[in-house]
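The next block holds one structure in the form of structure tokens; read it before the comments.
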Amino acid sequence: MSNDVIVFGVGHSGTSLLTKMLHTLGWKANDADESFVESEGLRAINRDIIANGYSPDHSESQIKFIASLGRPFALKDPRLVETLPHWIASFEAAGLQPTLLMIERDRDALAQSYLDRKEMVGTQPGTRQKTLSELIELASRAFARWPHSKMVIQYENLVQAALLVKENRSMRRSGGLWLDDQSQIASSEVS
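Per the numbering used here: the sequence shown = residues 40 to 230.
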């Protein structure tokens, strides 16, 4: 089994948060940009597939891109909801079977995130000429087609996990509970 990861989900679902966490934990960022944590090479190939349709030339570009990656990698590009099926053969040709981590978010919160950024298709939240409903459906179909290991992570659970440890706060496990060292010190001084 591969340690490589593809972070997958529609835009504004938490893919950037999850990818940043993986990069912090040691997965290679490779050519990920600073602002969106998206692989620039992956994004360029996906944009071309979306704009011009998939062709055999893309397979050559994909394999070359995959071969350039430091491993283990964590890749992310929200355009994968539209292009992921076109990547399966190229990953297999490279001898890789990355784990697909799909992140899902409460639909109302997801729609609000699109609206807050004024990303609309007609009167509906969406992007790249696809409504949010269409993007979610494409993601669901692409996820179902992925032939290798995969799992779904709920955005709300990811945020809760991230809040367990705040910046400048040390935690330790004691008796099955996580205790804040500061609280433990304060309570021992009272005793």
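Just so you know, even glycine gets a beta-carbon here, dropped at the ideal spot from N, CA and C.
Buried/exposed call for residue i, threshold 16 Cβ in 10 Å
i, result
"Met141", "buried"
"Arg110", "exposed"
"Leu108", "buried"
"Ala201", "exposed"
"Val204", "exposed"
"Val44", "buried"
"Leu154", "exposed"
"Arg82", "buried"
Residue i versus the options, residue with shortest Cα-Cα distance
i, options, result
"Gln101", "Leu56, Arg156 and Phe130", "Phe130"
"Leu123", "Leu64, Gly134, Val49 and Met60", "Val49"
"Asp147", "Pro164, Gln168 and Met159", "Pro164"
"Asp145", "Asn196, Ala201 and Arg86", "Asn196"
"His187", "Leu203, Ser107 and Leu139", "Leu139"
"Asn91", "Ser74, Phe75 and Glu121", "Glu121"
"Phe75", "Arg118, Asp43, Ser98 and Ile127", "Arg118"
"Pro137", "Tyr93, Ile175 and Met190", "Met190"
"His125", "Ala200, Gly65, Phe182 and Trp66", "Phe182"
"Leu171", "Trp185, Ser152 and Arg184", "Ser152"
"Leu64", "Asn42, Glu73 and Asp70", "Asn42"
"Ala106", "Arg86, Arg184, Pro95 and Asp70", "Asp70"
"Tyr194", "Asp87, Leu149, Lys67 and Arg82", "Leu149"
Contact under 8 angstroms by Cβ, residue i with residue j
i, j, result
"Ala133", "Leu61", "no"
"Asp116", "Glu77", "yes"
"Phe104", "Gly80", "yes"
"Glu143", "Ser55", "no"
"Arg167", "Ile89", "yes"
"Leu57", "Ile192", "yes"
"Ser98", "Ala128", "yes"
Opposing strand residues paired with residue i [DSSP bridges]
i, result
"Met190", "Leu140"
"Phe47", "Met141"
"Lys67", "Phe112"
Where residue i falls: helix, strand or coil (DSSP)
i, result
"Pro164", "strand"
"Ala90", "helix"
"Lys115", "strand"
"Asn207", "Note that Asn207 scores 45 on pLDDT, short of 50, meaning its location in the model is unreliable and no value can be drawn from it."
"Lys28", "The structure shown does not extend to residue 28, since the chain spans only 40 to 230, so no value can be given for it."
"Lys169", "strand"
"Ala128", "helix"
"Ser78", "strand"
"Lys59", "helix"
Contact test: residue i Cβ vs the ligand NAP heavy atom, cutoff 7 angstroms
i, result
"Gly134", "Ligands are entirely absent from the displayed structure, and the ligand NAP is therefore not among its contents."
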